[in-house]
DNA sequence: GTGAAAGCGCTAACAT
DNA sequence: ATGTTAGCGCTTTCAC
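Protein chains in written order, with the UniProt record's numbering: chain W, 1 to 340; chain G, 1 to 340.
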């Protein structure tokens, strides 16, 4: 397989230098550190760059400078609605800087996490922001070896690797369940899986809150199979209703599951919130599609992304791998799906 | 800002070579073209690689070999449900190869398309797969300059750049509208924007089909504002109902808009399909959340992605930039939202 | 403020 | 099947 392109040689820094009558390094400076070059020269150089359409070669740049300018962002479900605000936060913070972000999906598998980490290490990333899926710090040694700052996102319950920012999923889940209890619901199901560490923390919070009230029922925990959360919530809710008609509230692992549950309830003739209380997780907005509007645990998703980026930049600026985890607050936003 | 990592020097190919008692190029071959190295040597070398934890430096590799091994995938809304099967098709085809795919969002803006193309050119991609958003081939000169094969996805109505694969959105839209007409609907609205070239093709198909029947009404075309299609469909449908209660069917730009319209209809007390026919676009599955199940124009999304990747690999194997567009079939999948 | 020299880590091309 | 040589295009370091 011929992976190279055509015969046409790309223009290089030297081409620009020759045409501008300066040395290559001056062109390099004009492009990366304009203030270090005299106004006159800079103007000439940038003119030539434009004229001959010079595009820098990132591989050469990365090789010579020992950094690629890439910030690697690793997460389990980058395409999910819940991740989207996080990504926006990250991109907004890096906006207009010299760093480029690159996203990679690691699914729910610690070994894929390791594989992707290795792929990025090969690229000398400037930094890594990750939402780890490993329950146990199996990839800890790998991360320790990495020559760049690492920010661990989303979950503060993990043993921190370098820097961390997130929420406590366990207490967030407790908050949700206690809210349901305070509204008079008592047979409360959990919808959605034991899939990764954050899910398990939510499960723990759910179990603790119910155990405290003497109402925990292992049979009321329902795992999802697929990834299309709305449809999952829908089918799961139907299944719950047929097998455990006594259940009077559901706490869902994410808002899409909750939305699916809401649709199913409506089709089953269950009144929400009278017959069934529904509480979601993440605090997404469905602009009226959810009728009644869903109660949800609102996470500062955008802020997590933004601050993760900020911590990374601070570490890069100082040149140190700092330690320290930041925990942000969550809030229960009461809609109409739990009011009674 | 110190972008470099810590002081620890990364192990290099030469380190491996020294330890294994061979020359660097032999290590390089053992890693990339194992069959060219004797079994014995290969075993020794891979042992050393494992032992000292050698990770190749992609920048050096890219610089020396003049290709980065990256396949750039550019599209307007990579996170959308409609794009997801396309991405799977692409990734499945490249699975286990030496090429890595890298995705980038270009939004709905031809200038962002140009910017991203330039960013990738700087990385010497092995190939590019793109879903262009430019109505006019403004980026054509840029693409002509690119030293690698380019596959244009989704829309066969564009002047082909190198290779193309997709469907004819105009006739697909016609198919949908004719279906609605055949079911006895006559006041048919169009939901969803004039945002990119594919949207406009659908609009053209819609207009043609209705004009042929003498039923085209410019006022029945409704543009969306936002990106959250379900919510958009929902609010737009409510607005349509209040302003044009006579409308008896809607053809939606995508299935999520259609889903939103379906929810709104149900809340408005409109019976689907009796009072209102709804037809979507893309052929996604909502597993029972859509009740009644939506009629939709089904596109071979996965196949488009898979074949785009295939065309690219064929071009790489032959070393030529081939020309030629492939048009795939679409099908109208009748649900219960247009049956009457 | 500008330049010369050296080399980042790897692979292509050409030996042997 | 393995090695030698040269160089990819840029940035670092140090000199002026």
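The beta carbon of each residue, even a glycine, is placed where N, CA and C say it ideally should be. Because the structure is a prediction, the values reported are computed rather than measured.
Among all the DSSP beta bridges, which residues are the ones paired with residue i?
{"i": "residue 298 (chain G)", "result": "G:282 and G:331"}
{"i": "residue 341 (chain W)", "result": "Only positions 1 to 340 of chain W appear in this structure, which leaves residue 341 (chain W) out of reach."}
{"i": "residue 316 (chain W)", "result": "According to DSSP, residue 316 (chain W) bridges with nothing at all."}
{"i": "residue 101 (chain W)", "result": "W:71"}
{"i": "residue 155 (chain W)", "result": "W:167"}
{"i": "residue 249 (chain G)", "result": "G:188 and G:277"}
{"i": "residue 127 (chain W)", "result": "W:71"}
{"i": "residue 150 (chain W)", "result": "W:128"}
{"i": "residue 222 (chain W)", "result": "W:191"}
Determine the direct distance from the alpha carbon of residue j to that of residue i, and round the result to whole angstroms.
{"i": "residue 344 (chain W)", "j": "residue 111 (chain G)", "result": "Residue 344 (chain W) is absent from the model: chain W starts at 1 and stops at 340."}
{"i": "residue 219 (chain G)", "j": "residue 265 (chain G)", "result": "20 Å"}
{"i": "residue 54 (chain W)", "j": "residue 98 (chain G)", "result": "29 Å"}
{"i": "residue 240 (chain G)", "j": "residue 224 (chain G)", "result": "12 Å"}
{"i": "residue 183 (chain W)", "j": "residue 338 (chain W)", "result": "7 Å"}
{"i": "residue 192 (chain W)", "j": "residue 222 (chain W)", "result": "6 Å"}
{"i": "residue 226 (chain G)", "j": "residue 235 (chain G)", "result": "11 Å"}
{"i": "residue 14 (chain W)", "j": "residue 25 (chain W)", "result": "9 Å"}
{"i": "residue 262 (chain W)", "j": "residue 50 (chain G)", "result": "52 Å"}
{"i": "residue 286 (chain G)", "j": "residue 195 (chain G)", "result": "25 Å"}
{"i": "residue 145 (chain G)", "j": "residue 324 (chain G)", "result": "18 Å"}
{"i": "residue 44 (chain G)", "j": "residue 56 (chain G)", "result": "17 Å"}
{"i": "residue 175 (chain G)", "j": "residue 58 (chain G)", "result": "48 Å"}
{"i": "residue 275 (chain G)", "j": "residue 122 (chain W)", "result": "60 Å"}
{"i": "residue 113 (chain G)", "j": "residue 153 (chain G)", "result": "14 Å"}
{"i": "residue 334 (chain W)", "j": "residue 294 (chain W)", "result": "7 Å"}
{"i": "residue 208 (chain G)", "j": "residue 102 (chain G)", "result": "38 Å"}
{"i": "residue 277 (chain G)", "j": "residue 185 (chain G)", "result": "7 Å"}
{"i": "residue 187 (chain G)", "j": "residue 246 (chain G)", "result": "7 Å"}
{"i": "residue 21 (chain W)", "j": "residue 140 (chain W)", "result": "51 Å"}
{"i": "residue 329 (chain G)", "j": "residue 173 (chain G)", "result": "13 Å"}
{"i": "residue 104 (chain W)", "j": "residue 95 (chain G)", "result": "15 Å"}
{"i": "residue 269 (chain G)", "j": "residue 307 (chain G)", "result": "44 Å"}
{"i": "residue 66 (chain G)", "j": "residue 156 (chain W)", "result": "43 Å"}
{"i": "residue 272 (chain W)", "j": "residue 292 (chain G)", "result": "21 Å"}
{"i": "residue 197 (chain W)", "j": "residue 217 (chain G)", "result": "54 Å"}
{"i": "residue 203 (chain G)", "j": "residue 267 (chain G)", "result": "27 Å"}
Contact check, residue i vs residue j under 8 Å by CB: the rounded distance?
{"i": "residue 332 (chain G)", "j": "residue 249 (chain G)", "result": "Rounded, the Cβ-Cβ distance is 14 Å, inconsistent with contact."}
{"i": "residue 84 (chain W)", "j": "residue 79 (chain G)", "result": "7 Å"}
{"i": "residue 52 (chain G)", "j": "residue 12 (chain G)", "result": "At roughly 10 Å, the Cβ-Cβ gap does not stay under 8 Å, so residue 52 (chain G) and residue 12 (chain G) are not in contact."}
{"i": "residue 309 (chain W)", "j": "residue 100 (chain W)", "result": "Not really, about 12 Å apart at Cβ, beyond 8 Å."}
{"i": "residue 171 (chain G)", "j": "residue 253 (chain G)", "result": "Wrong, their Cβ atoms sit about 16 Å apart, outside the cutoff."}
{"i": "residue 231 (chain G)", "j": "residue 230 (chain W)", "result": "The Cβ separation is near 13 Å, so there is no contact."}
{"i": "residue 251 (chain W)", "j": "residue 312 (chain W)", "result": "Wrong, their Cβ atoms sit about 33 Å apart, outside the cutoff."}
{"i": "residue 42 (chain G)", "j": "residue 30 (chain G)", "result": "5 Å"}
Handout entry: Members of the stretch 175-208 of chain W that neighbour chain G once the beta carbon cut-off is set at 7 Å
Key = Residues passing the 7 Å Cβ filter: none.
Exercise for the section: Output, in sequence order along the chain, the residues in the stretch 47-62 of chain W whose CB is closer than 9 Å to any CB in chain G. Expected result: For the stretch 47-62 of chain W, the residues whose beta carbon sits under 9 Å from a beta carbon of chain G are, in order, 53, 55, 56, 57, 58, 59, 60, 61 and 62.
Handout entry: Inter-stretch contact at 8 Å, needing at least 3 Cβ pairs: the stretch 124-132 of chain W / the stretch 72-87 of chain W
Key = Segment contact: the stretch 124-132 of chain W against the stretch 72-87 of chain W, three or more CB-CB distances shorter than 8 Å; contact assigned.
Problem - Members of the stretch 221-236 of chain W near chain G, C-beta cut-off 9 Å - result: Listed in sequence order: 226, 228, 230, 231, 232, 233, 234 and 235.
Handout entry: Contact the stretch 25-42 of chain G vs the stretch 78-89 of chain G: 3+ CB pairs below 8 Å
Key = As far as the Cβ criterion goes, the stretch 25-42 of chain G does not touch the stretch 78-89 of chain G, which means the pair count is below three.
Exercise for the section: With 8 Å as the limit, tell me which residues of the stretch 118-150 of chain G have their beta carbon closer than that to any beta carbon of chain W; keep them in chain order. Expected result: The residues in question are 118, 119, 121, 122, 123, 124, 126, 145, 146, 147 and 148.
Exercise for the section: For the stretch 165-179 of chain G and the stretch 296-310 of chain G, state whether three or more C-beta atom pairs, one from each stretch, are separated by less than 8 Å. Expected result: Touching, per the Cβ criterion.
Practice task
Residues of the stretch 287-315 of chain W with a CB closer than 7 Å to any CB of chain G: list them in chain order, please.
Solution key: Those residues of the stretch 287-315 of chain W that come within reach of chain G (Cβ to Cβ, closer than 7 Å) are 287, 288, 289 and 291.
Exercise for the section: Could you say if the stretch 141-155 of chain W and the stretch 211-227 of chain W meet the contact criterion of at least three C-beta pairs nearer than 8 Å? Expected result: Verdict: no, contact absent.
Handout entry: Members of the stretch 242-268 of chain W near chain G, C-beta cut-off 7 Å
Key = Cβ contacts with chain G: 260, 263 and 267.
Exercise for the section: Could you tell me whether the stretch 65-72 of chain G touches the stretch 115-127 of chain G, using the rule of 3 or more Cβ pairs below 8 Å? Expected result: Result yes; three or more Cβ-Cβ pairs closer than 8 Å.
Exercise for the section: Compile a chain-ordered list of the residues in the stretch 75-98 of chain W whose CB is closer than 7 Å to at least one CB of chain G. Expected result: Listed by position along the chain: 79 and 84.
Exercise for the section: Select from the stretch 162-176 of chain W all residues with a C-beta closer than 9 Å to any C-beta belonging to chain G, and list them in chain order. Expected result: From the stretch 162-176 of chain W, no residue has a Cβ closer than 9 Å to chain G.
Handout entry: Touch test, the stretch 273-284 of chain W against the stretch 245-259 of chain G, Cβ-Cβ under 8 Å, three pairs minimum
Key = By the Cβ rule, the stretch 273-284 of chain W does not count as touching the stretch 245-259 of chain G, because fewer than three pairs are nearer than 8 Å.
Practice task
Name, going along the chain, the residues of the stretch 13-47 of chain G whose beta-carbon falls closer than 9 Å to a beta-carbon of chain W.
Solution key: Taken residue by residue, none of the stretch 13-47 of chain G has a beta-carbon sitting less than 9 Å from a beta-carbon on chain W.
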